Amino acid sequence: MFFDKEYECMPREALAAIQLKRLQDVVARVYDNVPYYQAKMDDVGVKPADIKELADIQKLPFTTKEDLRKNYPFGLFAVPMDEVVRIHASSGTTGQPTVVGYTKADIKMWAGLMARSLCAAGASPKDTIHNAYGYGLFTGGLGAHYGAEALGATVVPVSGGNTKRQVMVMRDFKSTVLLCTPSYALNLAETMVEQGIDPSEMALRVGVFGAEPWSENMRSEIQDKLGIKAIDIYGLSEIMGPGVSIECVEEQRGLHVMEDHFLPEIVHPDSFEPLPLGEKGELVFTTLTKQAFPVIRYRTKDFSRIITDECSCGRTFYRMEKVTGRSDDMMIIRGVNVFPSQIEHVLMSVEGVEPHYMIIVDRHGSLDTLEVQVEVSESLFSDKINTLENLTKQIQVEIKDLLGVSCKVTLVEPKSIQRSEGKAQRVIDKRKI
Amino acid sequence: MKVEQIAIFLENKSGRMADITAILAQNGINIRAMSLADTADFGILRLIVNDTERARQILKENGFTVGTTEVIVAEVEDKPGGLARVLQVIKDGNLNIEYMYAFTQKSGESGLIIFRFDELDKAIDMLLKSDVRLLSGEEVYSI
Chain A
1 MFFDKEYECM PREALAAIQL KRLQDVVARV YDNVPYYQAK MDDVGVKPAD IKELADIQKL
61 PFTTKEDLRK NYPFGLFAVP MDEVVRIHAS SGTTGQPTVV GYTKADIKMW AGLMARSLCA
121 AGASPKDTIH NAYGYGLFTG GLGAHYGAEA LGATVVPVSG GNTKRQVMVM RDFKSTVLLC
181 TPSYALNLAE TMVEQGIDPS EMALRVGVFG AEPWSENMRS EIQDKLGIKA IDIYGLSEIM
241 GPGVSIECVE EQRGLHVMED HFLPEIVHPD SFEPLPLGEK GELVFTTLTK QAFPVIRYRT
301 KDFSRIITDE CSCGRTFYRM EKVTGRSDDM MIIRGVNVFP SQIEHVLMSV EGVEPHYMII
361 VDRHGSLDTL EVQVEVSESL FSDKINTLEN LTKQIQVEIK DLLGVSCKVT LVEPKSIQRS
421 EGKAQRVIDK RKI
Chain B
434 MKVEQIAIFL ENKSGRMADI TAILAQNGIN IRAMSLADTA DFGILRLIVN DTERARQILK
494 ENGFTVGTTE VIVAEVEDKP GGLARVLQVI KDGNLNIEYM YAFTQKSGES GLIIFRFDEL
554 DKAIDMLLKS DVRLLSGEEV YSI
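Chains as they are written, first to last, in the numbering used here: chain A, 1 to 433; chain B, 434 to 576.
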C-alpha cells in the first residue's frame, strides 16, 4: 500500500529533475539566509549558481555535528524564529545537544513522510498504533505520532517507560502496530511473558523499530518472540527525525530513502571522497525541502551502502542497506574496529542466548580487554560445568572468527543486565585514555 | 530409582548462597543434600530438597536460573572399600560419571552417593544387577 504513490513510484528521471530543482533551491536558501553556510561556501569558492546538475553537490562543503554544536542553539536556522513552530534536540549524550527547528510546512512534510513509512511497513488507517517512542525533545515520539495521525490510524501516545502498564494497554486496546526501539520491543516481549500473557495472543502484527542499530539476528528474535513482522525505520533529528527511510514489508531488505526530500550520498569514512552508491561508506544526506533547518551534505556517521536494484514493492526510491553501526558506537579494541551490533549478531546466532548483553571494554596495562556479559537463560543452563564452559568458548571462538578479536565471555544471572526503556546501553568503556 | 535434583546458576559474588538459603528457609524447604561446583566466574549449586517442584518455582520467581536433572542415589557401606566397590561396578560397565557427591543418612550406618550420568538408565541397570542399593526419590526427599 502507498500513501503517496505518485512520488514513491515516480520514474527515476522525473525524480532526478525534482531533486535538482529542489537542490538548487535549498542551496540558494541557505546561502542567502544562513551566514555560516554562506561563509563555508565562500571559503571554497562555490556559489548557488554553480549547482547545475545533481553531481555538483560534491562541490559543496560537508556539514558535521561539530558545525551544529558551534551554532548552538539556533545559528543554522534559515527562517526567522516566528516561523519556527517546534524545536527538537538530540540527547546530547556525546556532548552538547544539537538543536533543530521546524516550520509548519516542515511538520506537515514530516508527518507525510512518516505516514508513507507506516504505510510501507504495512500499516493502514484501520490500525491502532502503540507509540512507545519517547515524547519530548527526542524526535521519535512526536515524529511518529504526527505520522500515524496523518495516516489516519488510531494513535496510542504511550511514550516510554512503565512497561507493565504498556503491556496492559497494548492488550486491552488491541494495538496492531508497535513503534519503539528494537531493544524496548524485547523488553516488552519479556514483560508479557512475566505477566503470564502469551505474546501471540496480542493483536500486534507489525512493529516499526528504529533509533538504534540492530542486527538481522535481532530481527528474527523479535519476530519470533512477538509473532510480528519487524520493520526497520531510519532517521536522525539533524535530517528530520524518523521517516528518512523505511523498509517495505514486501522485502524487508534495505530501507527506501525518501529521495524526493533527502538526497543520499556515500563517502569514504576517512577521506570523505564520494564513493559509488553500491559501495559501503558513510551516509551523507542533504535535505531538499526543509525550511527551518535545511542541512547540506550532513555526515551522519552511519555506515551503509545504497542498493539501486528495482524493488518488488514498486517503489522507485533507492534503498540504503540496514545500518548496523555508527562510527560513534565503534570501539577500537587492540586496533580492530568493532561494532556492538557485530557482537550482537554472533550472540543471537547461538541457540538459547537471550538478546540481553553488555559489552565491557577496559585496559589492563597497555592491552585492551573486551568482555561480553551474557545472561544465562533456562534453555542455556546446565547442571554440568563443562557444558557452560563449552558455551562460553563457542561464543568466544565465533566472535574471534568474525571480528578477529579475542574476548572473555562471562555468564551472568538473568535480569542482571539492565533492560532498555528506549535506546539501549550496550557498551561500558572503562578505558581512561 | 531416579531422584530429582535442582541446579541453580550463581554468579561469583558475595551473598548469593545466603540469598538462596534464605528464600528456601522462608518457604519451608529442607535441603537433603547439596554440592557446589565452581569456576573462576560462576558456580552451579546442586540441591536435593524435600519438595523439588516448589523449590524450583520459588527460586525461579526470585529471578534465579534453575534447572532440574535426574540423578541416582546409591547406598554404600560406611567402611573401607564401600565406595570402591560401587565405583568398580561403574568402571566395569564403562560408564562415565559426570559428577558425584556424598552425604550421610541420619543413622550414620551407610553413606549415600549421588551420581549424575548421561546414560542414566544403563547405570541404574548395571548397579542394580550388581546388588547396589539405589534409593527411591521418596526415600531421599524424606530423609
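Glycine is no exception: its CB is placed at the ideal position from the N, C-alpha and C atoms.
Predicted, not measured: the structure shown is a model, and the values here were computed from it.
Query                                                                                                                                                                                                : Result
Closer than 8 Å between beta carbons: that is the criterion. Which residues of the stretch 542–558 of chain B meet it against chain A?                                                               : 549
With hydrogens ignored, establish whether the beta-carbon of residue 70 (chain A) is closer than 6 Å to any heavy atom of the ligand HEM.                                                            : Looking at this structure, you won't find the ligand HEM or any other ligand, since it has none at all.
With a threshold of 8 Å, are at least 3 pairs of Cβ atoms found where one atom belongs to the stretch 31–46 of chain A and the other to the stretch 54–64 of chain A?                                : yes
Since I believe residue 266 (chain A) is in contact with residue 306 (chain A) (beta carbons under 8 Å), could you give me their beta-carbon distance rounded to a whole number of angstroms?        : 6 Å
Mind listing the chain A neighbours of residue 477 (chain B)? Cutoff is C-beta to C-beta under 9 Å, in chain order.                                                                                  : 381, 382, 383, 384, 385, 388
Return the residue from the list B:461, B:454, B:519 that minimises the CA-CA distance to residue 556 (chain B).                                                                                     : B:519
Output, in chain order, the set of chain A residues within a Cβ distance shorter than 9 Å of residue 502 (chain B).                                                                                  : 382, 383, 384
Determine the DSSP secondary structure at residue 340 (chain A), reduced to helix, strand or coil.                                                                                                   : helix
Kindly indicate the opening and closing residues of the beta strand (DSSP E) around residue 263 (chain A).                                                                                           : 262–267
Beta carbon of residue 87 (chain A), beta carbon of residue 101 (chain A): below 7 Å?                                                                                                                : yes
Assuming residue 285 (chain A) contacts residue 298 (chain A) under a Cβ cut-off of 8 Å, what Cβ separation, rounded to an integer in Å, is found between them?                                      : 5 Å
Can you check which of these residues, A:423, A:400, A:362, A:114, is closest to residue 430 (chain A) by C-alpha distance?                                                                          : A:362
Quick one: measure Cβ to Cβ for residue 412 (chain A) and residue 375 (chain A), integer angstroms, because I've assumed they're closer than 8 Å.                                                    : 6 Å
Below 7 Å on C-beta distance, what does residue 376 (chain A) contact in chain B?                                                                                                                    : 442, 498
Please state whether the Cβ-Cβ distance between residue 249 (chain A) and residue 122 (chain A) is less than 7 Å.                                                                                    : yes
Quick one: residues in its chain with C-beta nearer than 7 Å to the C-beta of residue 226 (chain A), no 5 flanking neighbours on either side, listed in chain order?                                 : 185, 189, 199, 204, 207
Starting from residue 384 (chain A), trace the beta strand (DSSP E) in both directions and tell me its first and last residue.                                                                       : Note, residue 384 (chain A): premise wrong, no beta strand (DSSP E); not H, not E.
On the criterion of 16 or more Cβ atoms from any shown chain inside 10 Å, does residue 187 (chain A) qualify as buried, or is it exposed?                                                            : buried
Let's test the definition: count the other Cβ atoms within 10 Å of the Cβ of residue 436 (chain B) and tell me whether it reaches 16, buried, or not, exposed.                                       : buried
Determine the chain B residues that contact residue 163 (chain A) at a beta-carbon separation under 9 Å, and present them in chain order.                                                            : Result: empty, since nearest Cβ-Cβ is about 16 Å, beyond 9 Å.
Taking Cβ to Cβ, would you say residue 294 (chain A) is nearer than 7 Å to residue 79 (chain A)?                                                                                                     : no
By the DSSP assignment, the alpha helix (DSSP H) with residue 517 (chain B) in it spans what residues?                                                                                               : 515–525
Is there a C-beta anywhere in chain E that falls below 7 Å from the one on residue 510 (chain B)?                                                                                                    : Absent from the structure: chain E. Protein chains present are A and B.
In whole angstroms, give me the CA-to-CA distance for residue 525 (chain B) and residue 545 (chain B).                                                                                               : 21 Å
Please give me, in chain order, every unbroken run of the alpha helix (DSSP H) with length at least 4 that falls completely inside the stretch 131–169 of chain A.                                   : 139–151
List the residues of chain B whose Cβ lies closer than 7 Å to the Cβ of residue 412 (chain A), in chain order.                                                                                       : 444
In its own chain, which residues sit with a C-beta less than 8 Å from the C-beta of residue 9 (chain A), not counting the 5 before and 5 after it?                                                   : 2, 314, 315, 316
Along the alpha helix (DSSP H) that carries residue 489 (chain B), what are the first and last residues, could you check?                                                                            : 485–494
Within 7 Å (strictly less), CB to CB, does residue 415 (chain A) reach chain B?                                                                                                                      : yes
Would you check if the distance between the CB atom of residue 240 (chain A) and the CB atom of residue 110 (chain A) is smaller than 7 Å?                                                           : yes
If contact is defined by three or more beta carbon pairs under 8 Å, each pair taking one atom from either stretch, is the stretch 174–181 of chain A in contact with the stretch 119–138 of chain A? : yes
One question on the structure: do residue 496 (chain A) and residue 398 (chain A) come within less than 7 Å of each other, judged by their Cβ atoms?                                                 : Nothing can be reported for residue 496 (chain A), as the shown portion of chain A is limited to 1 through 433.
Hey, would you say residue 488 (chain B) sits closer than 7 Å to residue 462 (chain B), going by beta carbons?                                                                                       : yes
From what residue to what residue does the beta strand (DSSP E) around residue 358 (chain A) run?                                                                                                    : 357–364
Please classify residue 565 (chain B): does DSSP put it in a helix, a strand, or coil?                                                                                                               : coil
Does residue 474 (chain B) get closer than 7 Å to chain A when you measure Cβ to Cβ?                                                                                                                 : yes
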